[in-house]
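Below: one structure, written as structure tokens.
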DNA sequence: GCGGGAATGATAGACGTCAATCATTTTGTG
DNA sequence: CACAAAATGATTGACGTCTATCATTCCCGC
């Protein structure tokens, strides 16, 4: 028979107490004798009672207000992330969760601070932001926290801050993964890897290089690091120079952005010699095309979809004061030409109301 | 100000109609003039109304009853999947979704059929099952469907059946991914891959081999296929034999189960010569340990966690008659030693009620 | 055994939607 | 203009939980 799930009224009946008492127990309002508490708990587990969250949320008419702050600009990765947040926001509207996506000038911590201060005054239940490694951000997070607004860092952590959680990959692990693949691709032969980063001072890029170094061994060496400022044009010229200057280079690892430039260099390489092994980060339009065209070998991706999902999940848990919240480590994913996920749609796929 | 999300009453007011009429429109009950329909729709989008699913579910007191049918036995992969389903079931109880996990003797379609017939009579809202390629299963699915019970196939599809969706990897793609990695690992040199499957008659294993064949080229050849019946002992003896018989083997690809035997062989290999490249499927306890120990190179995983999540999602959508449901293609994931996800906990992490 | 505080009971309104029912108004047709 | 049919309005109870208030019973120390 279709037995409906037990309600709190059922529990009260079973425990031989009134609804009010059962409610006092399950909601921890106090003023109930130990004996009765035990009786109610026994009834709860005997019946397998779980409170109906739909009803609970309805009665409390709880509304979650979250804000995601992303760096603005044309960077393909963050554009995708913005997109993902917006899709997620649309889908969550039905659950009374509002998620506003904001952009601030990248790395301008004053603007960020001003914006966050403003938000703090408006009853926001949680904030997700892309961390940067300066003291100003640490302070802002502390301020928000003191006002009871939890902050989740995303993609890049703010070490030493009071962020409730970090959602993103461990960049040392990502670099190590690349190192392992480089070892595999060289198969015991000697080789020389050309590392390309945005800037060595950027924490995440440095971490990736470190991870790489920890794993490679044998006859694999590193050429001197190119700093491309994450700009296509600079990466292009510097990599082209390095390749012609050092013919012993067998592989390229780009730990940062500006990969369209790198891809152009590879494309222009003479077809006579085997091209170097190329591994780079983030599956976006141009890296995807290059992978499909066989210009590069592997893309390491941090799965922004999953990051977005976890951020929202984490924010919701925090808003419900349901600690502890896990520091969700996302593991970097390896894409080759064959296991690419279906191309991402730009259209907002909102569910029609039935 | 904290404006609460608009309710249907707000929409009605805005549209200048009664609540009843607004309800008729949004729930498609008919009997409303076109003009009014348009007015209501305009109000809906003007206010950004989204129906409160919590309230809706509450009023309808909808209970979803799903069943997942998995093959029984000690197979590590399905044991993990069972686990995942059970954890998911516990977590979903709060949402009035019940998910029963059942096991039937693997590949015994008569038992499966009997079980499913029984379930069909008991008001189940959806069934997930691991497909097999026989006509009996096709029939059962058709019967269920005719009774209005949607079926989702999992891990292995039932081609030509009326399943509403398939959740799992495309095995040709998985094999192709392995092929690409094999090419990369051989780096232009010649090589010989030893393929190990459970049985060539198994659709999924054959697909994986086909995918492999499509991608490899150059000087890479395939040794003759070993059929290990997915049994550790058989795999162990056959692979050991093949390796000593053919010293030109540079790589092993195991498309099926029984990999503990394969790992034992690799472990026993003399340390003098470089060991072959080893790629196999499914991240379970023993494959994980082998990867960590450097005995194997790569594990291809189908992310059972994601599959479980999608199955449940899909079943819910189907139960709500919210077609069309996507045939969710899950992309195989590549694990090397460095990017392994955190070890999976066997404990049920149920959320405490607040 | 009496007073007082603690424990428990009883009950009601609110949340937003769904699914009814019945009453009333508008519209179209001859 | 009358009349039926179509469209719309008005209203109600139910879903399960939360929160609140007030009434009642219990137990303890004196």
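Residue numbers (my numbering), protein chains in the order written: chain A, 725 to 1078; chain B, 725 to 1078. From the three backbone atoms N, C-alpha and C, an ideal C-beta is built for every residue, glycine too.
Item                                                                                                                                                                                          : Value
Any contact between the stretch 942-952 of chain B and the stretch 915-923 of chain B? By contact I mean 3 or more CB pairs, one from each, below 8 angstroms.                                : yes
Can you confirm whether residue 835 of chain A, when its beta carbon is compared against all beta carbons of chain B, has any partner nearer than 8 angstroms?                                : no
How many Å lie between residue 763 of chain A and residue 739 of chain A at the Cα?                                                                                                           : 6 angstroms
Output, in sequence order along the chain, the residues in the stretch 771-785 of chain B whose CB is closer than 9 angstroms to any CB in chain A.                                           : 772, 773, 774, 775, 776, 777, 778, 779, 780, 781, 782, 785
According to DSSP, is residue 1022 of chain A helix, strand or coil?                                                                                                                          : strand
So, is the C-beta of residue 919 of chain A closer than 8 angstroms to a C-beta in chain B?                                                                                                   : no
Measure the beta-carbon distance from residue 728 of chain A to residue 777 of chain B and round it to whole angstroms, keeping in mind my assumption that it falls under 8 angstroms.        : The Cβ separation is near 18 angstroms, so there is no contact.
Run through chain A and tell me which residues come within less than 8 angstroms of residue 728 of chain B, C-beta to C-beta.                                                                 : 785, 787
Using a Cβ-Cβ cut-off of 7 angstroms (strictly less than) and excluding sequence neighbours within five positions of residue 735 of chain B, which residues of its own chain qualify?         : 746, 764, 767, 768, 771, 773
Identify the contact partners of residue 753 of chain B in chain A, using a Cβ-Cβ distance below 7 angstroms as the criterion.                                                                : What residue 753 of chain B touches in chain A: nothing, since even the nearest Cβ is about 11 angstroms away.
When the Cα of residue 966 of chain A is compared with those of A:993, A:944, A:940, A:943, which residue comes out closest?                                                                  : A:993
For chain B, find out if any of its Cβ atoms is closer than 8 angstroms to the Cβ of residue 1067 of chain A; answer yes or no.                                                               : no
For a contact meaning CB atoms closer than 8 angstroms, what does residue 960 of chain B contact in chain A?                                                                                  : Chain A residues near residue 960 of chain B: none, gap ~25 angstroms exceeds 8 angstroms.
Under the assumption that residue 901 of chain A contacts residue 1056 of chain A (Cβ atoms under 8 angstroms), give the Cβ distance between them as a whole number of angstroms.             : 5 angstroms
Whose C-beta lies closer than 6 angstroms to the C-beta of residue 864 of chain B among residues of the same chain, with five residues either side of it excluded?                            : 837, 840
Measuring only between beta-carbons, confirm whether residue 904 of chain B sits less than 8 angstroms from chain A.                                                                          : yes
So which residues of chain B does residue 767 of chain A contact, with C-beta pairs closer than 8 angstroms?                                                                                  : Simply none; closest approach about 14 angstroms.
Within the 8 angstroms Cβ cut-off, does residue 1063 of chain B reach chain A?                                                                                                                : yes
When burial is assigned at 16 or more other CB atoms within 10 Å of the CB, is residue 1061 of chain A buried or exposed?                                                                     : buried
Once DSSP output is grouped into helix, strand and coil, what is the label at residue 773 of chain B?                                                                                         : coil
Is DSSP giving residue 948 of chain A helix, strand or coil here?                                                                                                                             : coil
Looking at the unbroken beta strand (DSSP E) that takes in residue 1028 of chain B, where does it start and where does it end?                                                                : Unbroken run through residue 1028 of chain B is the alpha helix (DSSP H), 1028-1043; no beta strand (DSSP E).
Would you please verify whether the beta carbon of residue 1007 of chain B is less than 8 angstroms from any beta carbon of chain A?                                                          : no
Checking 8 angstroms against the spacing of the C-beta atoms, do residue 912 of chain B and residue 941 of chain B come in under that value?                                                  : no
Ignoring anything shorter than 4 residues or poking outside the stretch 816-850 of chain B, list the alpha helix (DSSP H) runs there in chain order.                                          : 833-844
Check whether the Cβ atoms of residue 932 of chain B and residue 946 of chain B lie closer than 8 angstroms to each other.                                                                    : no
According to the Cβ coordinates, are residue 962 of chain B and residue 984 of chain B closer than 8 angstroms?                                                                               : no
For the stretch 806-820 of chain B, which residues have a beta carbon sitting closer than 7 angstroms to at least one beta carbon of chain A?                                                 : 817, 818, 819, 820
So residue 1083 of chain A contacts chain B; which residues on that side make the cut at Cβ distance below 7 angstroms?                                                                       : For residue 1083 of chain A there is no data in the structure shown, the boundaries of chain A being 725 and 1078.
On the DSSP bridge assignment, give the partners of residue 787 of chain A in chain order.                                                                                                    : Beta-bridge pairing links residue 787 of chain A to no other residue.
Does DSSP classify residue 997 of chain A as helix, strand or coil?                                                                                                                           : coil
Is residue 728 of chain B helix, strand or coil when you go by DSSP?                                                                                                                          : coil
Just checking my contact of residue 794 of chain B with residue 1029 of chain B at CB under 8 angstroms: how many whole Å lie between their CB atoms?                                         : Incorrect: roughly 15 angstroms between the Cβ atoms, too far for contact.
Entirely within the stretch 969-1018 of chain A and at least 4 residues each: give me those alpha helix (DSSP H) ranges in chain order.                                                       : 983-992, 1009-1016
Which residues in the same chain as residue 732 of chain A place their Cβ atom closer than 6 angstroms to its Cβ, once the five residues preceding and following it in sequence are excluded? : 746
If you compare alpha carbons, which of A:842, A:872, A:968, A:833 is closest to residue 1142 of chain A?                                                                                      : As shown, chain A starts at 725 and ends at 1078. That puts residue 1142 of chain A outside it, with no answer to give.
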